[in-house]
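Here the structure comes first, spelled out in structure tokens, and everything after it is commentary.
Residue numbers (this note's numbering): 428 to 530.
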């Protein structure tokens, strides 16, 4: 089984970081992209929990299509988020929507 974790910095820093189809199962607690990263693409992985994204507050677009998401707490602190792409995932059981209300 492939255990892929991103540690410290994104391997492909820039305005758009595409980590699609890399066999990722989770996001490491130390995950952080550069300050100019506004789009993060995590499509076609095996991610179940979308946590630890709060260290990337500048994200405006997040795509996590075709994963195994059941929990999305890490999105709640992304105040700049404008686009959230989630098709083809498991049933998302826990998701904080406070960011959508401007809280």
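All C-beta atoms in this analysis are idealised placements derived from N, C-alpha and C, irrespective of residue type, glycine included.
Whole angstroms are fine: how far does the CA of residue j sit from the CA of residue i?
i	j	result
residue 504	residue 478	10 Å
residue 495	residue 515	8 Å
residue 443	residue 454	17 Å
residue 499	residue 508	14 Å
residue 476	residue 456	12 Å
residue 487	residue 446	16 Å
residue 511	residue 462	19 Å
residue 482	residue 506	12 Å
residue 489	residue 517	17 Å
residue 485	residue 467	10 Å
residue 497	residue 480	16 Å
According to DSSP, which residues form a beta bridge with residue i?
i	result
residue 490	468, 512
residue 445	468
Please classify residue i: is it buried, with 16 or more other beta-carbons within 10 angstroms of its beta-carbon, or exposed?
i	result
residue 450	exposed
residue 519	exposed
Name the residue from the options whose alpha carbon lies nearest to the alpha carbon of residue i.
i	options	result
residue 459	517, 493, 501	501
residue 465	441, 519, 456	441
residue 492	461, 476, 457, 469	469
residue 471	486, 488, 448, 482	448
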